[in-house]
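Trainee: Can you read through this structure? Questions will come right after.
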Amino acid sequence: MTRLICQVLGLLLCSVSLDAMAAEPRWPEGPYKYIVVDQAVDDVLAEFGRNIGVPVRASGKIRGRVSAGMPQATAREFLNDLCTRYGLVWHFDGSVLHVATEAEVRTEVFRLGTNTASGAAERLDALGVADVRFPIRFSRSDNIVSVSGPPSYVDLVQKTLGVNTAQDRSVDGERKATSVRVFRGRSAEAQSFTNDKAQ
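Numbering-wise, the sequence shown is residues -22 to -1, 1 to 177 according to mature numbering (1 follows the signal peptide of the UniProt record, and there is no 0).
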């Protein structure tokens, strides 16, 4: 455990950050005209997706109702304002607009294989996966990666880098990846640590 903590601290102090912009939906031009009349937040999100022509996958943990008072703005500004009001965060994976609660945002730290680590940052950038709103940090000295964001974003980064979240094991039974999960939210915080020892 001490070794793992030292690795995480080293990652935060000696890291390379990605600041590239991820892919975004093709936002319609002009103001987004939509009149909200006492609707559930997830219904507003579903209608929003239909109006801009993008599938929306909203978390089942989203709660609340939207009444009058949403500002007349662009589609992106409308979505951002809705997320700010109701404690939500959105992520577009290139085809689906995912919306989760702030409580679902998490940080994961994991180690890549030497071959995978080489060019990992460039790969995420080239594929439009990295999003400046959600930090991804690399410690090149020990091939450790830290990614923070909503579940859909963390999962996409791991999938792009070929990380198996089920903790793949090598032939000799040793664990290939080290994972640290930190769940953050306004109302609660839980931590789950997995060390790098073979089980």
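Backbone N, C-alpha and C fix where the C-beta goes; we use that ideal spot for every residue, glycine too. A quick note: this is a predicted structure, and the numbers were derived from the prediction, not measured.
1. Relative to the alpha-carbon of Val83, which residue among Thr94, Val44, His69 has its alpha-carbon at the smallest distance?
2. Would you report the Cα separation of Val107 and Leu139, rounded to the nearest angstrom?
3. Any idea what DSSP makes of Gly27, helix, strand or coil?
4. Please report the residue range of the alpha helix (DSSP H) in which Ser104 lies.
5. Should Tyr10 be labelled buried (16 or more other beta-carbon atoms within 10 Å of its own) or exposed?
6. With H, G and I counted as helix, E and B as strand and the rest as coil, what does DSSP make of Leu139?
7. Which of the three DSSP states, helix, strand or coil, is assigned to Arg54?
8. Identify the continuous beta strand (DSSP E) that holds Gly127 and give its terminal residues.
9. Does the beta-carbon of Pro3 have 16 or more other beta-carbons within 10 angstroms, so that it is buried, or is it exposed?
10. Report yes if the C-beta distance between Glu100 and Gln136 is below 9 Å; otherwise report no.
Mentor: Straight from the coordinates:
1. Within the sequence shown, the letter at position 105 stands for residue 83. Its Cα nearest to that of Val83, the residue His69 stands out among Thr94, Val44, His69.
2. Position 129 of the sequence shown, counted from the start, is the residue given in the question as residue 107. Position 161 of the sequence shown, counted from the start, is the residue given in the question as residue 139. Here the alpha carbon of Val107 sits roughly 11 Å from the alpha carbon of Leu139.
3. Counted from its first residue, the sequence shown places residue 27 at position 49. In this structure, Gly27 counts as helix in the three-state DSSP scheme.
4. Residue numbering aside, residue 104 sits at position 126 when the sequence shown is read from its first letter. In the sequence under discussion, the amino acid at residue 104 is Ala, which differs from the Ser named in the question. Element bounds for Ala104: 98 to 104.
5. The residue given as residue 10 occupies position 32 in the sequence shown. Buried, because 16 or more other Cβ atoms sit within 10 Å of the Cβ of Tyr10.
6. Against the sequence shown, residue 139 aligns to sequence position 161. Reduced to three states, the DSSP call for Leu139 is coil.
7. As a first step, residue 54 is located in the sequence shown; it is residue number 76 there, counting from the start. DSSP places Arg54 within a helical segment (H, G or I) once states are collapsed to three.
8. Here residue 127 refers to the residue found at position 149 when the sequence shown is read from its first residue. Start and end: 122 to 127.
9. Your numbering for residue 3 matches position 25 in the sequence shown. So Pro3 ends up on the buried side.
10. Numbered from 1 along the sequence shown, position 122 holds the residue referred to as residue 100. Numbered from 1 along the sequence shown, position 158 holds the residue referred to as residue 136. No, Cβ-Cβ distance for Glu100 and Gln136 is not below 9 Å.
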